[in-house]
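Visitor:
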């Protein structure tokens, strides 16, 4: 549009001289292919993008929106043919993760509707464009298209310039009608404007705004977010995603980043920006990922003792307290792993065993301290493991990290191994959180480990402890700065909570070593023991005595009716064996219906045996392991008797036995603990593992293996512990498993890739 | 001219006459069917059985009817086991109206076959009656052969349905798999169960046994199997299968998606505990190569029944030589099969208590046998019984003790019941110890209403 004529230019110059700093901008719609249509409307909006706010107020009333409109038209005329829109079509990656560069709703609605994420890009050549890097990881891209004048051109990402927050794309064919930008550096004279294509939610519109000082840019030594003075000065609050033009609309500079080191020149032409080719950047990212996952990140298994249940709390029997947890540990130094799990004091007190899975080796770990202010604790490896490397821990100048490129590692646990995804990103901000913890935020959400572009650790994901809240509130995970972590480690014992330790004298769960059934009125009548049992309201009749248990040693027998248990030192109240308090499930396990259960309900099938995690055992534990108690009971001949016995700690039970989840086959195996062995009448010498769960859709499920079947042997080798199983399947390939369901056995074939 | 037309007309009409009866073959086929039917119909027998039914807790009798076929002039009839099972009284009605009672010669649950014989001991001096009978086919049937399923569903009149052999090697997943089946689309329904499947030559090719409710598919026991078993019934009064305790799996098990190398042998999937195979030292995953020198192979599941049959026909008590491959080694293992014996325990109705109990049998109740090799379990409970209350005693419970009596066998149970249920018994509440789901429990039976009956 040739709108210029001398009359207008005079007025323009007149008004421009009155302008010192801008508080008014004008926008005009751009009708481009892929863009949206709307009427042009000058809008008076005050933006804080140009820094000098005090000046803005004074000049506001001197400013004529009309000037901005005119400048906008000049800019459009000069540059509209150099600016395109780029469509990024997103997809979910092979692992089923969503792109992380924006919140899930944004991303999911684009993928669901098949719509692209759009951004403006600037032409450097007829087939080369540069745009702001919003950190879309290539594995989430299904295709990229450049849109110009109603035409689409397929394009590819060729390189990145992380320091400039830019990404370069190249179209397969030159774009018709495109005018590559020609840059003229700052002259030091005249006015400059920032010119950009903005999405206001409905349309893409052209915006022009004044650009601060004629000389160019603001020099600042400190941002309001920094905690200390940064080591190197930098420019802050720069306008992003903009073309900086002079009064004639000629491009002077292109900028995508909020902050720039003062050693860099703002008006360095984009073709001179340092570029890292896309494959190289991806490769270095993958190298970092591989290194970290193989050498520094390990699955940590935590076994807990069974908790005692508070008898005064109304227990929901569906909630089972945690007796087993798996997490990911980060190897820091000196054989110390950081496990970023927030364990409460009572949970840590119950901590029984820590096992670190280093490759195929299960290394025992020692608890080394839980942080007072953060939700994490340290584990020391008790053995020297070859081939592991701690992450490099160095102090960083956090304020200078702002807007600098980083690599984020998102972790997932895959059976016994750590699985991770890498995302390029940048530090958005640095701040002091609660308890003055130094933390960083990124342009991506989610719990991740942050590394700088040289592969050094910068943040770890930790929760900050809040002792006011109950455990139900999910506190957010923060990216805690490595500086903070170093101070915690250096402080040694001072940073730990002395009350958050595994308990040596922990009152472990007790057991008596019996199976019982509750008394009924009829039974009390039949046995003529009505007066002893409160007409059938109290009394637990022993139905089985486990060999080697305290009940056997106390000569209790099947048929004896327990009436009450009294601590001999009188420290706690006696325990009445009230029938309503100790219900027992008397139903049969439907073995013949097992084949009909759909696989998605596998983890809902209750165990065929009655669990040892029951109220009777927890009441017994409340009396205290090691305590001597008097058991009052009726023997088989209905004679009232008493016996003294010491409450013993329970041996391993199914719920807290070591579990092994084999991701390759989909089987979760546990050793057969005493109550399981009794249920299956498994003799002492026989080796077998109980299949605790089968993952739906896994090779084991397809082969017809169901939960609570037993694994007898693999390729002829009997397996009795998860370690033996692991060794037997280490080779992978074709496995012949001997599976037993109660009486019936069969050979099942699994194909495992290794 | 007209003459030519006349001759032409004559010729044309003559041709049309011939084409009109284009069923030269049709008529022939119809005749064949009629002949075959006429040959066998007289041998088809209507069987009516009074059987004891103890399952629902009461000792009631019911009537079951089915069909059978005479196979010898002196009145031997072949029918299904499920027709004459637990029979108190068997009566047969022949096609010519004569009626006789029959006695059970032998039966086998695994094959579902039975041999009964008409009781013709009548007035001495009179000549023994002769009966029409049918022969077994000399050549086994094959797919596509026309067959007729005959039976006597409701009495005097016989019925015949026609179809073809849909499959001559049908494998059905059942316990006791000693034979394959003929599948046919000739309608087989409860009425003609036990009746013969007849080919176009009027010979018996099978005994109709199973039908599908929707129709279109029925299964018959092939005649070679029937002949084998009839011989054994005559000799031993039962099939007299030997038992070795091997669970077999074919080399190419498509259903379980597991394939083994090689083209000979049969895979041993499991060895039953306490069996001769376990005693002989055979292990799961071994490959059975030969029995007494005869090579055995099961490539697909259709081959499994033949191997089972070979093992089932071994003489018990006599050492059999099994060649077994374990890994890369060939082993010779001596195994002494035992008699399979009963495949089902006997039952006993405890009338006053309203329950029926049955002896545990390792073949019929493997999951109960696992926990209690010798015992008695609750088979059924009467709906209106007053003794067994909610959760007191459940179907499937193994009764271990009743009052002071320890229960191991059905005789023990009878003795305990007789004592406890006697009108003179003063025990109103009896404590019973049962095993349920592998767990021992005690429950109380309340006889207060019962002993007065």
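Residue numbers (the numbering used here), protein chains in the order written: chain Y, 1 to 754; chain D, 1 to 453. Don't be surprised by glycine CBs; every beta carbon is placed ideally from N, CA and C.
Skipping 5 residues on each side, what residues in its chain have a beta carbon closer than 7 Å to that of residue 503 (chain Y)?
Guide: Here the question's residue 503 (chain Y) lines up with position 503 in the first chain. Cβ neighbours of residue 503 (chain Y) beyond the five flanking positions: 349.
Visitor: Check residue 531 (chain Y) in the structure and name its three-state DSSP category.
Guide: Within the first chain, residue 531 (chain Y) is the residue found at index 531, counting from 1. Correct three-state label for residue 531 (chain Y): coil.
Visitor: Consult DSSP for residue 108 (chain Y) and reduce its assignment to one of helix, strand or coil.
Guide: As a working mapping, residue 108 (chain Y) is identified with position 108 in the first chain. Correct three-state label for residue 108 (chain Y): helix.
Visitor: Step through the CB atoms of chain D and report whether any lies within less than 9 Å of the CB of residue 277 (chain Y).
Guide: Residue 277 (chain Y) sits at position 277 when you count from the first residue of the first chain. It does not; no Cβ of chain D falls within 9 Å.
Visitor: Looking at residue 390 (chain Y) and residue 334 (chain Y), is the spacing between their C-beta atoms short of 9 Å?
Guide: Here residue 334 (chain Y) refers to the residue found at position 334 of the first chain. Here residue 390 (chain Y) refers to the residue found at position 390 of the first chain. Going by C-beta atoms, residue 334 (chain Y) is nearer than 9 Å to residue 390 (chain Y).
Visitor: To the nearest whole angstrom, what separates the beta carbons of residue 300 (chain Y) and residue 354 (chain Y), a pair I think is in contact under 8 Å?
Guide: Locating residue 300 (chain Y) in the first chain gives position 300, counting from the first residue. Locating residue 354 (chain Y) in the first chain gives position 354, counting from the first residue. The Cβ separation is near 7 Å, so the contact holds.
Visitor: Below 6 Å CB to CB, which residues in the same chain sit around residue 401 (chain Y) once its five sequence neighbours on both sides are set aside?
Guide: Residue numbering aside, residue 401 (chain Y) sits at position 401 when the first chain is read from its first letter. 427, listed in sequence order.
Visitor: Can you pull the DSSP bridge partners for residue 439 (chain Y)?
Guide: By 1-based counting over the first chain, the position of residue 439 (chain Y) is 439. Answer by DSSP bridge pairing, in chain order: Y:431 and Y:480.
Visitor: Can you check whether the CB of residue 81 (chain D) is closer than 9 Å to the CB of residue 109 (chain D)?
Guide: The residue labelled residue 109 (chain D) in the question sits at position 109 within the second chain. The residue labelled residue 81 (chain D) in the question sits at position 81 within the second chain. Yes, the Cβ-Cβ distance between residue 109 (chain D) and residue 81 (chain D) is below 9 Å.
Visitor: Using 8 Å as the Cβ pair cut-off and three pairs as the minimum, do the region 373-387 of chain Y and the region 325-340 of chain Y touch?
Guide: Taking 8 Å as the limit for Cβ pairs, the verdict is that the region 325-340 of chain Y does touch the region 373-387 of chain Y.
Visitor: Beta-carbon separation of residue 242 (chain D) and residue 293 (chain D) under 9 Å?
Guide: Counting from 1 along the second chain, the entry for residue 242 (chain D) is found at position 242. Counting from 1 along the second chain, the entry for residue 293 (chain D) is found at position 293. Going by C-beta atoms, residue 242 (chain D) is not nearer than 9 Å to residue 293 (chain D).
Visitor: I believe residue 285 (chain Y) touches residue 100 (chain Y) by the beta-carbon criterion, under 8 Å. Please report the beta-carbon distance rounded to the nearest angstrom.
Guide: Sequence index remark: in the first chain, residue 285 (chain Y) carries index 285 (1-based). Sequence index remark: in the first chain, residue 100 (chain Y) carries index 100 (1-based). With 8 Å as the limit, residue 285 (chain Y) and residue 100 (chain Y) do not qualify as a contact, their Cβ atoms being about 14 Å apart.
Visitor: For the alpha helix (DSSP H) holding residue 81 (chain D), just list the boundary residues, first then last.
Guide: In the second chain, residue 81 (chain D) corresponds to position 81, counting from 1. Where residue 81 (chain D) is concerned, the enclosing alpha helix (DSSP H) stretches over 81-84.
Visitor: Let me confirm a value: residue 258 (chain Y) is counted as buried when at least 16 other C-beta atoms fall within 10 Å, else exposed. Which label applies?
Guide: By 1-based counting over the first chain, the position of residue 258 (chain Y) is 258. Looking at its Cβ environment, which holds 16 or more other Cβ atoms inside 10 Å, residue 258 (chain Y) is buried.
Visitor: Return no unless some Cβ of chain Y is closer than 9 Å to the Cβ of residue 284 (chain D).
Guide: The residue you call residue 284 (chain D) lines up with position 284 of the second chain. It does: the Cβ of residue 284 (chain D) has a partner Cβ on chain Y nearer than 9 Å.
Visitor: For residue 603 (chain Y), does the count of other Cβ atoms within 10 angstroms reach 16, so buried, or fall short, so exposed?
Guide: Looking up residue 603 (chain Y) in the first chain gives position 603. Exposed, since its Cβ has fewer than 16 Cβ neighbours within 10 Å.
Visitor: I need the straight-line Cα distance from residue 39 (chain Y) to residue 244 (chain Y), nearest angstrom please.
Guide: Residue mapping note: residue 39 (chain Y) aligns to position 39 of the first chain, counting from 1. Residue mapping note: residue 244 (chain Y) aligns to position 244 of the first chain, counting from 1. For residue 39 (chain Y), the predicted structure reports a pLDDT of 30, less than 50, and the residue's modelled location is therefore unreliable. A value from the coordinates is still provided. So the alpha carbons of these two residues sit roughly 25 Å apart.
Visitor: Just to confirm, does residue 325 (chain Y) get its C-beta within under 8 Å of one of the non-hydrogen atoms of the ligand MG?
Guide: The ligand MG is not part of this structure, which contains no ligands at all.
Visitor: Can you pull the chain D residues whose beta carbon is under 8 Å from the beta carbon of residue 168 (chain Y), in chain order?
Guide: Within the first chain, numbered from 1, the residue matching residue 168 (chain Y) stands at position 168. Correct list: empty, because the minimum Cβ distance to chain D is about 51 Å.
Visitor: So residue 178 (chain D) and residue 170 (chain D) are supposed to be a Cβ contact under 8 Å. How far apart are they, rounded?
Guide: Here residue 178 (chain D) is taken as the residue at index 178 of the second chain, counted from 1. Here residue 170 (chain D) is taken as the residue at index 170 of the second chain, counted from 1. About 14 Å separates the two Cβ atoms, so there is no contact after all.
Visitor: Give the DSSP-derived three-state secondary structure of residue 289 (chain D) in the structure shown.
Guide: Position 289 of the second chain holds residue 289 (chain D). Strand.
Visitor: For residue 442 (chain D), which residues in chain Y fall below 8 Å Cβ to Cβ?
Guide: Against the second chain, residue 442 (chain D) aligns to sequence position 442. Neighbours of residue 442 (chain D) on chain Y, chain order: 517, 523, 541, 543 and 559.
Visitor: What span of residues does the alpha helix (DSSP H) with residue 226 (chain D) cover, start to end?
Guide: By 1-based counting over the second chain, the position of residue 226 (chain D) is 226. Run containing residue 226 (chain D): 223-236, per the alpha helix (DSSP H) assignment.
Visitor: Using the beta-carbon count (16 or more within 10 Å), is residue 759 (chain Y) buried or exposed?
Guide: There is no way to answer for residue 759 (chain Y), as the model of chain Y reaches only from 1 to 754.
Visitor: For residue 88 (chain Y), which residues does DSSP report across the bridge?
Guide: The residue you call residue 88 (chain Y) lines up with position 88 of the first chain. Y:117 and Y:144.
Visitor: Using only alpha-carbon positions, find the residue among Y:141, Y:594 and Y:709 that is nearest to residue 118 (chain Y).
Guide: As a position in the first chain, residue 118 (chain Y) is number 118, starting the count at 1. Checked all of Y:141, Y:594 and Y:709; the closest Cα to residue 118 (chain Y) is Y:141.
Visitor: On the DSSP bridge list, what partners appear for residue 70 (chain D)?
Guide: Position 70 of the second chain, counted from the start, is the residue given in the question as residue 70 (chain D). In DSSP, residue 70 (chain D) forms a bridge with D:77.
Visitor: If you follow the beta strand (DSSP E) that residue 543 (chain Y) is in, where does it begin and where does it stop?
Guide: Along the first chain, read from residue 1 onward, the residue named residue 543 (chain Y) stands at position 543. Where residue 543 (chain Y) is concerned, the enclosing beta strand (DSSP E) stretches over 540-545.
Visitor: Can you name the start and end residues of the beta strand (DSSP E) that residue 401 (chain D) belongs to?
Guide: For the purposes of this step, residue 401 (chain D) is identified with residue 401 of the second chain, where counting begins at 1. Here the beta strand (DSSP E) through residue 401 (chain D) covers 398-402.
Visitor: Can you tell me the Cβ-Cβ gap for residue 568 (chain Y) and residue 630 (chain Y), rounded? I've got them flagged as a contact below 8 Å.
Guide: Sequence index remark: in the first chain, residue 568 (chain Y) carries index 568 (1-based). Sequence index remark: in the first chain, residue 630 (chain Y) carries index 630 (1-based). Contact flag correct, Cβ pair sits at about 6 Å.
Visitor: Compare the C-beta of residue 431 (chain D) with all C-beta atoms of chain Y and state if any pair is closer than 9 Å.
Guide: Within the second chain, the letter at position 431 stands for residue 431 (chain D). Residue 431 (chain D) counts as touching chain Y.
Visitor: Can you check whether the C-beta of residue 344 (chain D) is within less than 9 Å of a C-beta belonging to chain Y?
Guide: The residue labelled residue 344 (chain D) in the question sits at position 344 within the second chain. It does not: the Cβ of residue 344 (chain D) has no partner Cβ on chain Y nearer than 9 Å.
Visitor: Roughly how many angstroms separate the alpha carbons of residue 163 (chain D) and residue 198 (chain D), rounded to a whole number?
Guide: Residue 163 (chain D) sits at position 163 when you count from the first residue of the second chain. Residue 198 (chain D) sits at position 198 when you count from the first residue of the second chain. Taking the straight line from one Cα to the other gives about 10 Å.
Visitor: How far does the alpha helix (DSSP H) with residue 621 (chain Y) in it extend, from its first residue to its last?
Guide: Stepping through the first chain from its first residue, residue 621 (chain Y) is reached at position 621. Segment 615-623, the alpha helix (DSSP H) holding residue 621 (chain Y).
Visitor: Is there a C-beta anywhere in chain D that falls below 9 Å from the one on residue 728 (chain Y)?
Guide: Within the first chain, residue 728 (chain Y) is the residue found at index 728, counting from 1. Chain D contact via Cβ: absent.
Visitor: Taking Cβ to Cβ, would you say residue 692 (chain Y) is nearer than 9 Å to residue 670 (chain Y)?
Guide: Along the first chain, one-based indexing puts residue 692 (chain Y) at 692. Along the first chain, one-based indexing puts residue 670 (chain Y) at 670. Result yes, Cβ atoms of residue 692 (chain Y) and residue 670 (chain Y) sit closer than 9 Å.
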